[in-house]
Amino acid sequence: MSEPTISTLLKLLNPNLLIYDLFQPWAPTLASAHNIPAILFYTTGAASFCFGHYHLKNPGVEFQFPSIHLEEQYRGNNINRVQQSPADENDNMGDWFLKCTQKSSNIILIKTCREIEAKFIDYLSVLTEKKIVPVGVLVQDPIDENNHECFLTHEEMEEIAHGLELSSINFIWAVKFPMGEKIRIDEVLPQGFLDRVGDRGMVVEGWAPQTKILEHSSIGGFMSHCGWSSVVEGIRYGVPIIAMPLHGDQPLNAKFTAEIGIGVEVKREKDGRIERREVAKVIREVIVGKKGEEVRRKAKEMSEKIGKKGQEEIDVVVEELMQLCKKSEG
């Protein structure tokens with residue numbers, strides 16, 4: 219929603235609380251004008267949040283957790299995004315990020331849980347000087363079939379196809395093209411690919427029921443761009459992740475999956491290209507390889523830990539929000 223619309227709604231509804239995300243940096247200021255507490259809800263992981271916050275406050279200083287880092291081929295893309303001016307010509311994305319964080323009332327909600335990111339949740343509390351309240355992984359069936367923001371280039375699709383073929387692993391591959399791009403799957407896949415893989419491969423054009431696929435017992439690995447929602451879905455269903463990040467927080471999330479032992483990253487060439495032999499190697503390593511045994515074990519173990527918790531995080535969130543509302547009323 220736009221700033222004027224939210225302002226009008228606040229006047230009409232006079233809510234007890236406003237929850238906003240990073241795409242509404244003006245929201246807490248509006249809420250404050252109406253004496254309404256506002257809370258930031260951060261919808262990606264604590265590790266990437268820590269990394270971004272730390273480097274904005276400490277430019278050029280190595281992050282406290284060296285395993286979470288950006289390799290050279292990803293740095294330019296992420297630095298450029300931070301230098302853009304998305305909301306105000308006087309604010310860059312870094313300022314925007316910090317303002318959204320600073321203006322949150324006492325606490326910050328985040329889409330994660332302590333079983334996954336305990337040390338990063340604690341460190342984030344130190345960095346922001348606020349209480350960090352995890353809401354859990356919030357995995358649910360998708361409802362928006364067109365909610366795609368990341369797309370592979372045609373060259374990347376071709377290399378992945380060759381990698382799948384070389385791996386000799388059975389697969390389901392959901393391929394989505396940007397809206398308005400009129401192209402057929404067979405125009406970007408290697409010639410004869412579908413015939414050669416035969417029954418061991420299924421290529422689906424457009425949307426596929428990701429969570430339903432991941433929860434199936436036959437699935438041995440999840441090749442993912444490492445958007446945070448996809449990462450937590452993989453964790454929730456105990457499926458090891460074959461990480462192939464593109465941009466934004468995805469490279470950091472990919473490093474995080476390796477950090478906690480539930481994923482292996484497909485390394486890109488120095489120029490950023492994906493190479494088919496590397497794709498095939500990581501696929502086999504994760505799904506059938508000896509080195510992947512520990513990854514598969516940890517993915518299952520993490521899933522079981524999360525499954526036992528149920529809705530505990532949500533109960534804590536409700537209590538925190540009720541306490542905040544009582545304070546504002548007093």
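The opening residue of the sequence shown carries number 219 in our numbering; numbering runs sequentially from there.
Glycine included, every Cβ here is placed at the ideal spot set by N, Cα and C.
Here DSSP, grouped into helix, strand and coil, assigns glutamate 333 to helix. In the structure shown, lysine 545 adopts helical secondary structure according to DSSP, grouped into three states.
By the Cβ neighbour-count rule, aspartate 467 is buried, with 16 or more other Cβ atoms within 10 Å of its own. Rounded to whole angstroms, the separation of the alpha carbons of valine 513 and leucine 464 is 22 Å. Within 10 angstroms of the beta-carbon of asparagine 253 lie fewer than 16 other beta-carbons, which makes it exposed.
Annotated three-state conformation of tyrosine 455 is coil, per DSSP. For the set Ile460, Ala256, Ile492, Pro352, the Cα lying nearest the Cα of leucine 240 is the one of Ala256. The three-state secondary structure of lysine 349, taken from DSSP, is strand. Counting C-beta atoms within 10 angstroms of its own C-beta, proline 427 has fewer than 16 neighbours from the protein chains shown and is therefore classed as exposed. Every beta strand (DSSP E) of 3 residues or more that sits fully in the segment 398-478 is shown, in chain order, as 419-423, 440-442, 459-461.
DSSP links glutamate 289 through a beta bridge to no other residue.
Counted as a single uninterrupted DSSP element, the beta strand (DSSP E) harbouring glutamate 483 occupies residues 481-483.
Residue pairing for tryptophan 391: DSSP places it in a beta bridge opposite Val421.
For leucine 258, the secondary structure class from DSSP, reduced to helix, strand or coil, is strand.
DSSP places isoleucine 492 outside both helix and strand once states are collapsed to three, so it counts as coil.
Beta bridge pairing from DSSP links isoleucine 325 with Lys349.
With contacts defined by Cβ atoms closer than 9 Å, threonine 330 and alanine 264 form a contacting pair. Residue environment: valine 344 is assigned as exposed (fewer than 16 neighbouring CB atoms within 10 Å of its CB, all protein chains considered). For leucine 230, the enclosing alpha helix (DSSP H) has its first and last residue at 221-231. In the three-state reduction of the DSSP assignment, leucine 316 falls in the helix class, which pools H, G and I. Using a Cβ-Cβ distance cut-off of 8 Å, the segment 447-464 and the segment 475-487 are in contact, since at least three pairs of beta carbons, one from each stretch, lie closer than that value.
DSSP, read as helix, strand or coil, puts leucine 248 in helix. Histidine 372 counts as exposed, since fewer than 16 other C-beta atoms from the protein chains shown sit within 10 angstroms of its C-beta. Looking at the backbone, the Cα of lysine 545 and that of alanine 251 are separated by about 17 Å.
Non-local C-beta neighbours of glutamate 522 in its own chain, meaning closer than 8 Å and more than five positions away in sequence, comprise Gly456, ordered along the chain.
For leucine 382, the uninterrupted alpha helix (DSSP H) run begins and ends at 372-385, by DSSP. Closest in C-alpha terms to valine 351, from the list Met540, Glu531, Val422, comes Glu531. Distance from the Cα of glutamate 374 is smallest, within the candidate group Ala517, Asn232, Arg515, Lys485, for Lys485.
For the options Leu382, Leu370, Glu547, Phe283, the alpha carbon positioned closest to that of tyrosine 341 is the one of Phe283.
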